[in-house]
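So for the sequence shown, our numbering puts the first residue at 287; every next one is plus one.
Please read the structure below before turning to the comments.
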Amino acid sequence: MKIILRLSAMSFLEFAVWGAYLTSMSNYMGSAGLGMLIPWFFAIQGLVCLITPPVIGILADRYIAPVHLLSACQLMAGVSMGMCWWLGYSSPMPDKVMFTVMYTLSSAFFMPTVALSNTIAFRVMRSRGIDTVKGFPRIRVWGTIGFICAMVFVNFASLDNGSFTFTSVGTNRFQFEYWQFLVSAIISLMLAVYSFTLPYVGLAKSGSGASLADKLGFNALGIFRNKQIVVFFIFSILMGMCVKVTNAYAGPFITSFMADPEFATSFGASNATLLTSISQVSEACCILLIPFFMKRYGVKVVLAISMVAWALRFGSFGLGNPGEGLWLLIFSMIVYGVAFDFFNIAGAVYLERETDKSITASAQGLWMMMSNGIGASVGTVLAGYVVEHYCHWQGGKGSMAFLVGDWSSVWYAFAAFAAVVSILFILIFRTERQS
Numbered sequence: 287m288k289i290i291l292r293l294s295a296m297s298f299l300e301f302a303v304w305g306a307y308l309t310s311m312s313n314y315m316g317s318a319g320l321g322m323l324i325p326w327f328f329a330i331q332g333l334v335c336l337i338t339p340p341v342i343g344i345l346a347d348r349y350i351a352p353v354h355l356l357s358a359c360q361l362m363a364g365v366s367m368g369m370c371w372w373l374g375y376s377s378p379m380p381d382k383v384m385f386t387v388m389y390t391l392s393s394a395f396f397m398p399t400v401a402l403s404n405t406i407a408f409r410v411m412r413s414r415g416i417d418t419v420k421g422f423p424r425i426r427v428w429g430t431i432g433f434i435c436a437m438v439f440v441n442f443a444s445l446d447n448g449s450f451t452f453t454s455v456g457t458n459r460f461q462f463e464y465w466q467f468l469v470s471a472i473i474s475l476m477l478a479v480y481s482f483t484l485p486y487v488g489l490a491k492s493g494s495g496a497s498l499a500d501k502l503g504f505n506a507l508g509i510f511r512n513k514q515i516v517v518f519f520i521f522s523i524l525m526g527m528c529v530k531v532t533n534a535y536a537g538p539f540i541t542s543f544m545a546d547p548e549f550a551t552s553f554g555a556s557n558a559t560l561l562t563s564i565s566q567v568s569e570a571c572c573i574l575l576i577p578f579f580m581k582r583y584g585v586k587v588v589l590a591i592s593m594v595a596w597a598l599r600f601g602s603f604g605l606g607n608p609g610e611g612l613w614l615l616i617f618s619m620i621v622y623g624v625a626f627d628f629f630n631i632a633g634a635v636y637l638e639r640e641t642d643k644s645i646t647a648s649a650q651g652l653w654m655m656m657s658n659g660i661g662a663s664v665g666t667v668l669a670g671y672v673v674e675h676y677c678h679w680q681g682g683k684g685s686m687a688f689l690v691g692d693w694s695s696v697w698y699a700f701a702a703f704a705a706v707v708s709i710l711f712i713l714i715f716r717t718e719r720q721s
């Protein structure tokens, strides 16, 4: 259907913005003298999620068309991310304060757009009588493809002495440089323009007799009266911790093998972003399995599988390397697709079905606040302490830097955390099979 294609293009651009830098930013930060700020930079995405997604969600429900909000947010995010590129371009050691401010602004405007794109897709599908359980995964899979395309581009793209090429070797590639931020900024501006071509859907405004609290969107807080949604939100926080850990440190972990003479020349060590993109390929495939699993086994089983998969993901990292253990790294990437999709996609569909249609955008924003807000902030800061305990930066100050140390202990600690969370979820969470 034509409308599915148009929404798929929106999803493609939405996640390509993120894929251009999310998994490779840490490598650049280490070389730019910002390595110690990595956990805080990923925590920034979480901190802004405590404010902007819920606020933007209320505006999308009550006052401003979601497509217009999406355009405005992407415009501001793109401009701010462009400034990050400019700061890196202007100096090999960019000003920490200005770089942090621009990155924070970009995150503050971008993070609400993830929930906004979900809201737009759900509202458009419902207005046309399309089954969201079947239709949403078909749209969202293109977001993963966009993420992959952006990752592969920055992995191979290189600009050396004014000459642009694609290569699998060298430290001048975008995945190690500030150019990744420019790629993200350009895609963001493209989506800002494209948003105006998307179908307009009506607002879920309060009636004339609505209270001031309803008009301000506080009625969305009523979903906390549902005990199982509260439990779902709590585990969303815990799973959000897992997602940000892997986003922040998977790249530096794989790249660190370049500092080991045994693996320094291996293809995997020098192409961390490409290797990580296998995770997104797996994600794209797993998205298509969700309708079957949701209908056959129910939401609890799907979410539980996700949590067990996180434990396998981290455990495989602890055992793997780019040499004989390369298959373990690849297995970890494949498992990521299950870990990420079975929670995030199934969770979005579950929340959309369990909440009143007048507050769907607000509910999605609250969920974003829990998983990518509280979970991301707490998770990345705690993970930073664990990584700093076992690892340290080697090199840097304008040259290539590597985060080396006892990575196995780091990943085993994260695996144990995910395993405990999965057991608690199975014991505590309750929902009807048909949900």
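Every residue, glycine too, gets a C-beta built ideally from N, C-alpha and C.
Since the structure is predicted, the reported quantities are computational estimates derived from the model, not experimental observations.
The region 351-385 is shown to contain whole alpha helix (DSSP H) runs of 4 or more residues at 352-376, in chain order.
Approximately 7 Å separates the beta-carbon atoms of A318 and G374; this is inside 8 Å, confirming the contact. Rounded to whole angstroms, F510 and S657 show a C-alpha spacing of 16 Å. Scanning the region 635-695 from its first residue to its last, the whole alpha helix (DSSP H) runs of 4-plus residues come out as 646-654 and 662-676. With contacts defined by Cβ atoms closer than 8 Å, A346 and T405 form a contacting pair. Residue pairing of D446 in beta bridges, as defined by DSSP: S449. Between the alpha carbons of S663 and K530 lies a gap of roughly 8 Å. Its Cα nearest to that of A478, the residue L355 stands out among M369, W613, L355 and S556.
When secondary structure is reduced to three states using DSSP, R414 falls in the coil class, being assigned neither helix nor strand.
At a Cβ-Cβ threshold of 8 Å, R426 and I573 count as neighbours. Of the residues assessed, F629 falls on the buried side of the cut-off, its CB having 16 or more other CB atoms within 10 angstroms.
Going by DSSP, P339 is part of the alpha helix (DSSP H) stretching over T338 to R348.
Each of I712, G623, I337 and V438 was checked against the Cα of V303, and the nearest Cα belongs to V438. Residue R599 holds the alpha-carbon nearest to the alpha-carbon of S568 among P547, R599 and E548. Less than 8 Å separates the beta-carbon of L299 from that of Y480.
Nearest C-alpha to F603 among I520, W693 and F626: W693. Here the alpha carbons of M476 and S648 stand approximately 26 Å from one another. If you draw a straight line from the Cα of M593 to the Cα of P380, it is about 38 Å long. Contact between L589 and G633 holds, since their C-beta atoms are separated by about 7 Å, short of 8 Å. No Cβ-Cβ contact shorter than 8 Å links S565 with G601. In this structure, G659 keeps its C-beta atom at 8 Å or more from the C-beta atom of M527. C-alpha of R639 to C-alpha of I473: approximately 31 Å in a straight line. Taken through DSSP and simplified to helix, strand or coil, R459 comes out as strand. V400 is the residue among A363, S376, Q360 and V400 whose C-alpha sits nearest the C-alpha of P340.
Here S393 is not near I434, since their CB atoms are 8 Å or more apart. Between the alpha carbons of L668 and F328 lies a gap of roughly 11 Å. Straight through space, the alpha carbons of Y698 and G456 are spaced by roughly 31 Å. Closest by C-alpha distance to M580, out of I616, T541 and V635, is V635. For N607, no alpha helix (DSSP H) segment is defined, and its DSSP state is neither H nor E.
Taking the C-beta atoms as reference points, F549 is found nearer than 8 Å to N607. Between N533 and L308 the beta-carbon gap is near 6 Å, inside 8 Å, which marks them as a contact. The straight-line gap separating the alpha-carbon atoms of H675 and F467 is approximately 29 Å.
V487 sits in coil when the DSSP states are folded into three classes, being neither helix nor strand. Straight-line measurement puts the Cα of A704 at about 29 Å from the Cα of N441. In terms of CA proximity to G681, G316 leads the group G316, A295 and M311.
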